[in-house]
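Visitor: This is the structure I have questions about; it appears just below.
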Amino acid sequence: MDDLEKTLEETEFAEARTPTQHLDVLNKLMEQIAFSYYYDNGDEFTGSFVVAVEYGHVDVVKDLLENAGVDVNAKEINGWTALHYAASYGHVAVVETLLEQANVDVLVKTNTGDTALHHAVMDRHVDVVKILLDVGVDANARGGDGTTALHPAAMDGSLAIVKLLLGHVSVNVNAKCEYDWTALHWAACFGCIDVYDGVKVNAKSNDGSTALHHAADCGYVNVIKAFLQHDGKTALDYAKDSCDVLYAENGRHSEDHQEVMELLIAAGGR
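What follows is the structure, given as structure tokens:
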């Protein structure tokens with residue numbers, strides 16, 4: 002527990018009942034711990050609001066929304082809103098409270114281009130992801146580097162989140178980021194074997210490589226096996242005309258790469 006959280010529990014903050022009381026206590030605490038970061042947009046309540054959201058104090062959040070007129074969409078200097086913080090920290094009750102606000106912007110982006118859904122996915126908060134999808138957040142919204150929420154989920158191997166996203170009626174499983182990679186490319190690159198069902202095994206990135214190339218490059222034998230069993234012929238057609246075997250011969254992950262080579266050759270690679 003850090004200094005701010007400890008202080009919040011040990012001071013009169015716990016006894017405060019009105020927005021003004023909350024504001025007074027939080028301002029004193031933020032001055033004490035040098036939280037000047039939260040003052041940059043010039044609103045006297047926003048600093049208190051953001052801190053309450055970040056630390057999951059849902060009663061304070063409700064109080065400030067209902068009685069102090071805080072802007073639920075107010076941005077900090079990093080472009081984050083309260084919803085980004087709540088989603089990133091996995092505070093379900095706070096997320097639900099923010100979503101109850103009629104004017105909340107669920108697709109607002111940070112300075113790095115990410116939505117609240119991206120942050121919930123990246124921090125592996127399954128419950129928050131489900132809540133956001135249930136209220137109609139666009140599962141295909143683009144974040145930093147052109148990624149959808151499915152890209153970081155696949156990259157991280159977050160199977161529960163991947164299943165949630167793939168179960169969403171509108172999700173584009175073959176969406177490409179600005180590097181022209183699909184979620185499957187990322188999954189293959191990071192060895193996440195369980196997330197490839199239902200996507201195009203043979204989709205090419207802008208350099209002509211497929212997910213099979215990335216799996217071979219990284220020496221992920223189980224991923225290679227899964228791809229070859231799924232639909233290996235066309236993937237191998239691409240592979241044998243480009244760089245899979247070269248990747249497998251480059252000396253990295255030598256034992257796994259040897260098996261990768263054998264798998265490719267056995268499947269018809271030349």
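Residues 2 to 271, numbered by my numbering, are exactly what the sequence shown covers, in order. Ideal Cβ positions, reconstructed from N, Cα and C, are used throughout, including at glycine. The structure displayed is predicted, hence computed values, not measured ones.
Assuming residue 116 and residue 81 make a contact with CB atoms under 8 Å, what is their CB distance in whole Å?
Guide: Wrong, their Cβ atoms sit about 11 Å apart, outside the cutoff.
Visitor: Look at the alpha carbon of residue 137 and the alpha carbon of residue 84, and state the distance between them as a whole number of angstroms.
Guide: Each residue's alpha carbon lies about 15 Å from the other.
Visitor: From this set, 92, 159, 155, which residue's C-alpha is nearest residue 176's C-alpha?
Guide: Taking only the C-alpha atoms, the option nearest residue 176 is 155.
Visitor: With a 10 Å radius around its C-beta and 16 neighbouring C-beta atoms as the bar for buried, classify residue 70 as buried or exposed.
Guide: Classification for residue 70: exposed.
Visitor: Span of the alpha helix (DSSP H) holding residue 166?
Guide: Where residue 166 is concerned, the enclosing alpha helix (DSSP H) stretches over 160-167.
Visitor: With H, G and I counted as helix, E and B as strand and the rest as coil, what does DSSP make of residue 51?
Guide: Residue 51 falls in the helix class under three-state DSSP.
Visitor: Using a threshold of 7 Å, state whether the C-beta atoms of residue 119 and residue 158 are closer than that.
Guide: Not closer than 7 Å, so no.
Visitor: So, residue 179 versus residue 128, is the Cβ gap smaller than 7 Å?
Guide: Contact flag unset, no.
Visitor: By how many angstroms is the C-alpha of residue 152 removed from the C-alpha of residue 165?
Guide: Residue 165 and residue 152: Cα-Cα distance of roughly 13 Å.
Visitor: Please say whether residue 51 and residue 95 have beta carbons closer to each other than 7 Å?
Guide: Result no, Cβ atoms of residue 95 and residue 51 do not sit closer than 7 Å.
Visitor: Distance, Cα to Cα, residue 172 vs residue 183?
Guide: Roughly 13 Å between the two C-alpha positions.
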